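Student: Read in order, the letters of the sequence shown are residues 258 to 397 in my numbering.
Cβ atoms here follow ideal geometry from the backbone N, Cα and C, with glycine treated the same way.
Bear in mind the structure is a predicted one, so any value in this text is a computation, not a measurement.
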Amino acid sequence: MGKIHFKNGFEYWCERRNIFGKWHHYWYFRPENNLIEIYINGLKKDIEKLLSEPDKALEYYTKEIKRKSDVDTAKKEFEDAKEVYECSKTDPYFDDFRGNNPNKIGRKTEAAYNRYNETDQRLKKAIELNRIITETNNQK
Numbered sequence: 258m259g260k261i262h263f264k265n266g267f268e269y270w271c272e273r274r275n276i277f278g279k280w281h282h283y284w285y286f287r288p289e290n291n292l293i294e295i296y297i298n299g300l301k302k303d304i305e306k307l308l309s310e311p312d313k314a315l316e317y318y319t320k321e322i323k324r325k326s327d328v329d330t331a332k333k334e335f336e337d338a339k340e341v342y343e344c345s346k347t348d349p350y351f352d353d354f355r356g357n358n359p360n361k362i363g364r365k366t367e368a369a370y371n372r373y374n375e376t377d378q379r380l381k382k383a384i385e386l387n388r389i390i391t392e393t394n395n396q397k
């Protein structure tokens, strides 16, 4: 974590990650004295522009927190992904075997497995965010 900056009641900081040889900057921000942060992938001027208008920044923050902590949607996505992944493992007609596309079945099965794992992580994160939100609401 880099230096923590403060602006209009928000704190923000940058993390750099090298992904496949290319540097990505993730700017995390949250209201001061809050436990949950969200990120924006971009430049410092983007986060400063967002935080220069605190009402819009707070609206964006609450919208993202609601989206990320929606357990019902995460469960539905997880069940859909699980169904597709199970179908890819057991159904011999998951792919219709037509066309000249080598390893198509393997790629589709791998994509189904990756989606299954991503939605599982998203569901766990939503449950964790809900736990944190309810704990902070109970402390108030």
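(1) Quick check on the burial criterion: 16 or more other C-beta atoms within 10 angstroms. Buried or exposed for residue 283?
(2) Under 8 Å by Cβ, that's how I've got residue 305 and residue 264 pegged, so tell me the actual separation to the nearest angstrom.
(3) Reducing DSSP to helix, strand and coil, say where residue 276 ends up.
(4) Using the rule of at least 16 other Cβ atoms within 10 Å of the residue's Cβ for burial, across every protein chain shown, is residue 277 buried or exposed?
(5) Just reading off the alpha helix (DSSP H) that residue 298 is part of, what are its end residues?
(6) Within the continuous alpha helix (DSSP H) that includes residue 306, where are the two ends?
(7) When DSSP builds the beta bridges, which residues end up paired with residue 268?
(8) Count the other CB atoms, across all protein chains shown, that sit within 10 Å of the CB of residue 368; report buried if there are 16 or more and exposed otherwise.
(9) Measuring only the C-alpha atoms, how far is residue 340 from residue 363?
Tutor: A quick look at the data gives this:
(1) Here residue 283 corresponds to residue number 26 of the sequence shown, with the count starting at 1. Under this definition residue 283 is an exposed residue.
(2) Indexing the sequence shown from 1 puts residue 305 at position 48. Indexing the sequence shown from 1 puts residue 264 at position 7. Between residue 264 and residue 305 the Cβ distance is about 7 Å, and since that is below 8 Å, they are a contact.
(3) Here residue 276 corresponds to residue number 19 of the sequence shown, with the count starting at 1. Residue 276: strand per DSSP, three-state reduction.
(4) As a working mapping, residue 277 is identified with position 20 in the sequence shown. With fewer than 16 Cβ atoms within 10 Å of its Cβ, residue 277 is classed as exposed.
(5) One-based indexing of the sequence shown puts residue 298 at position 41. Looking at the DSSP string, residue 298 is not in any alpha helix (DSSP H); the run it does join, the beta strand (DSSP E), is 295–298.
(6) As a working mapping, residue 306 is identified with position 49 in the sequence shown. Segment 301–308, the alpha helix (DSSP H) holding residue 306.
(7) Taking the first residue of the sequence shown as position 1, residue 268 is located at position 11. Paired residue(s): 263 and 287.
(8) Translated into positions along the sequence shown, residue 368 becomes position 111. Classification for residue 368: exposed.
(9) For the purposes of this step, residue 340 is taken as residue 83 along the sequence shown, with counting starting at 1. For the purposes of this step, residue 363 is taken as residue 106 along the sequence shown, with counting starting at 1. If you take the alpha carbons of residue 340 and residue 363, they lie about 17 Å apart.
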